[in-house]
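Numbering (my numbering), first residue to last: 1224 to 1376.
Here the structure is laid out as structure tokens; the discussion comes afterwards.
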């Protein structure tokens, strides 16, 4: 992912925001805010016909030094490219690069209604840790998330 990919990445992120099944966020951040909240590497995009159709990135799970090898991941695929293996390719590549960089735990929180994303993560070696009930509100409604993690073998 390059800064020049940001308009396409933001558009895909906004699709996820609009479906109300991908994030608690209600609007996409600026490039500067997004960039500051994610590790510089690995950041990946998937392209089809020279168009960005998906992205994946890592952010720190905690700022405490003892958790330096624990990250949270995000994977988003455009509406047009869903069901074509883009998410699987992105997540597998992200995991491989993260583990080579010394990451030992990759975690993510997914709304339980987002069964496709949960299935994707399970296919890529993530396990369900548990459900965090009423963890936060989206549009004034309490929502649960399923916490998944993948540990480096």
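Built from N, CA and C at the ideal position, the CB exists for glycine as well.
Quick caveat, the model's predicted, so the values are computed rather than measured.
Within the segment 1232-1263, the complete alpha helix (DSSP H) segments of 4 residues or longer fall at 1254-1260, listed in chain order. Within the DSSP secondary-structure output, residue 1275 pairs in a beta bridge with 1270.
In terms of Cβ geometry, residue 1301 and residue 1238 form a close pair [threshold 8 Å]. In this structure, the alpha-carbon of residue 1317 lies about 31 Å from that of residue 1362. In the three-state DSSP reduction, residue 1228 falls in the helix class (H, G or I). For residue 1358, the enclosing beta strand (DSSP E) covers residues 1350-1361. Judged by beta-carbon spacing, residue 1304 lies within the 8 Å limit of residue 1277, meaning their Cβ atoms are closer than that value. For the options 1344, 1333, 1286, 1339, the alpha carbon positioned closest to that of residue 1357 is the one of 1333. About 14 Å separates the Cβ atoms of residue 1339 and residue 1313, ruling out a contact at the 8 Å cut-off. Beta bridge pairing from DSSP links residue 1371 with 1331, 1351. If the five residues before and after residue 1309 are omitted, its C-beta is found closer than 7 Å to the C-beta atoms of 1269, 1276, 1277, 1300, all from its own chain and listed in chain order. The residues 1265, 1281, 1294, 1329, in chain order, have a CB closer than 7 Å to that of residue 1321 in the same chain once the five nearest residues on each side in sequence are set aside. The three-state reading of DSSP puts residue 1286 in coil, since its state is none of H, G, I, E or B. Judged by DSSP secondary structure, residue 1322 falls within the alpha helix (DSSP H) whose first and last residues are 1309-1323. Pairing residue 1241 with residue 1355, the inter-Cα distance amounts to about 22 Å. Taking all protein chains shown into account, residue 1286 has fewer than 16 neighbouring C-beta atoms within 10 Å of its C-beta and is therefore exposed.
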